[in-house]
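Protein chains: 2
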Amino acid sequence: MRDAGESNLKLENFLCFAIYSTANALTRAYQPRLAALNLTYPQYLVMVVLWEQKNQAVKSIGEKLGLDSGTLTPLLKRLEIAGLITRTRDRSDERQVLIGLTDAGEAMREKAESVPLAMGKAFGCSMGEAKTLRAELMELRQKLIASIDDAK
Amino acid sequence: MRDAGESNLKLENFLCFAIYSTANALTRAYQPRLAALNLTYPQYLVMVVLWEQKNQAVKSIGEKLGLDSGTLTPLLKRLEIAGLITRTRDRSDERQVLIGLTDAGEAMREKAESVPLAMGKAFGCSMGEAKTLRAELMELRQKLIASIDDAK
DNA sequence: CACAATTTAATTTTGTGCAATTTAATAGCC
DNA sequence: GGCTATTAAATTGCACAAAATTAAATTGTG
C-alpha cells in the first residue's frame, strides 16, 4: 500500500476531483457569457431564482440554491447596489428580509435568455445527455448531503 | 417566451446548477472527514498531488489541479506554516518555486488513505458508476475549457 | 549581443462559501 | 403574561477562486 501506484490516493481516480474541477471550469466558462450582464455566476443564479418567483425571503433563496445567509447577504447587497433588486424587511415578520426585483432587474431577464443557449453549445452534449447527467448529479448531491451528519 | 414556465431560465433544468451545487455539497461532505488531518478540501488535493510526485513547481501543481498561482500561493503558504511542505526557489530558474514534502507531510499520507474509502461510502454508488460519471464530467470539463476562448 | 516578447510566480482586489456567533423576532408552553 | 426554544439575518473570521497587475528571469529574433 506504500506505493502511490496501488494507492487509493490517485487524483485521476477521484470522482470528487472531476466534480470539483468541472465546477471551476464552469464558473470560468460562464464569465465571458455573463460579462455583458455584469453578473458573476452565483449572482446569475440568484437572478434566475428571482425571475422564477419575485419577492422571496433570503431563506427561500438559500434553500433553492443551497447557500446560507453568510454567502447570500453580501451577494444580495451587491445586487442591490447594482440596482437590480430591493431588500425590505417583512412587516408581518420582521426577522425576514424580502428580496424583490427592480425594473432593471426584471428587464435583464430578456437579455439573460441567451445565456442558457450559449452555455448549451459550450456543454456540447445533447438535451438527453444533459438531463441524465443532471439527474445523476442531483442524486449524488443528495447522498453527499445525507452523509454529512453521519460523519460528524 | 415571457412566462418562466416556458423559459430556458429554469433552475431545475440547469445542468450547470447540478454541477455547482454538487461541488458545494462535496466540500461540505469532505470537511468532517478531513478534520482529523486539519486540511481543507483544496489543501487535501494539493497533498494528493505531492504524494504522487514529490518536488514540483507551483506551475506543475496548478496544471494538475486547474488552479493558478493566485489560489495556490496563499494555500501553499498555509501548508508550509502547518509544517507539511517546503517552499524553495529553484536555483537554476529563480522564477520558479519548488514545493517539497516535509517528514510530517509524507507521514500524513498513511492517515489519508482512509479518506477516499470514507468518501466512497458517502457517494453511495458502485465503482463502475463512479468511473462512468467521472469520465463524463472530465469530458464536459474539457469542452467547457475549450469553449472559453470562443466566447471572449 | 541587444531587446522585445514570453514565462513564472507573487501580489492585489473582488467575490464567493462556510462555520460560528450575535441580534432580533416569533412561537410554544406552562 | 412571562419564560424558553426556535427561527431568520447579519456579522465575523477564515479560506478559496479568478482577474489584473507587478516583478523577475528566460527565450527568441534580428
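In order, the protein sequences belong to chains X and S. So that you can map any letter, position 147 of the first sequence is 272 in our numbering, and since no number is skipped, the others follow by simple counting. So that you can map any letter, position 144 of the second sequence is 269 in our numbering, and since no number is skipped, the others follow by simple counting. All C-beta atoms, glycine included, are put in the ideal place defined by N, C-alpha and C.
{"Item": "Test: valine 183 of chain S CB closer than 9 angstroms to a CB of chain X", "Value": "no"}
{"Item": "Same chain, Cβ closer than 8 angstroms to tyrosine 169 of chain X, five either side skipped, listed in chain order", "Value": "Tyr155, Leu159, Leu162, Ala237 and Val240"}
{"Item": "Glutamate 144 of chain X vs leucine 151 of chain S beta-carbon contact at 9 angstroms", "Value": "In the sequence on display, residue 144 of chain X carries isoleucine and not glutamate. Cβ distance < 9 angstroms, so isoleucine 144 of chain X and leucine 151 of chain S count as in contact."}
{"Item": "Straight-line Cα distance separating leucine 265 of chain X from leucine 258 of chain S", "Value": "10 angstroms"}
{"Item": "From S:Lys135, S:Leu140 and S:Asn133, residue whose alpha carbon lies closest to that of glycine 253 of chain X", "Value": "S:Leu140"}
{"Item": "C-beta contact flag for arginine 153 of chain S and isoleucine 273 of chain X at 9 angstroms", "Value": "yes"}
{"Item": "Rounded separation between threonine 165 of chain S and valine 174 of chain S - CA only", "Value": "14 angstroms"}
{"Item": "Contact between the region 193–205 of chain X and the region 241–250 of chain X (3+ Cβ pairs under 8 angstroms)", "Value": "no"}
{"Item": "Straight-line gap, lysine 184 of chain S to arginine 220 of chain S (C-alpha atoms, nearest Å)", "Value": "11 angstroms"}
{"Item": "Beta bridge counterpart(s) of valine 222 of chain X as assigned by DSSP", "Value": "X:Arg214"}
{"Item": "Beta-carbon gap between leucine 226 of chain X and leucine 200 of chain X smaller than 9 angstroms", "Value": "no"}
{"Item": "Distance, arginine 214 of chain S Cα to lysine 189 of chain X Cα", "Value": "47 angstroms"}
{"Item": "DSSP state of tyrosine 145 of chain S mapped onto helix, strand, coil", "Value": "helix"}
{"Item": "From X:Ser194, X:Ala271, X:Glu231 and X:Leu197, residue whose alpha carbon lies closest to that of leucine 134 of chain S", "Value": "X:Glu231"}
{"Item": "Chain S residues whose Cβ lies nearer than 7 angstroms to that of glycine 187 of chain X", "Value": "Simply none; closest approach about 12 angstroms."}
{"Item": "Between the CA atoms of arginine 216 of chain X and isoleucine 270 of chain S - distance to the nearest angstrom", "Value": "47 angstroms"}
{"Item": "Span of the alpha helix (DSSP H), counted from its first residue to its last, around glycine 195 of chain X", "Value": "194–206"}
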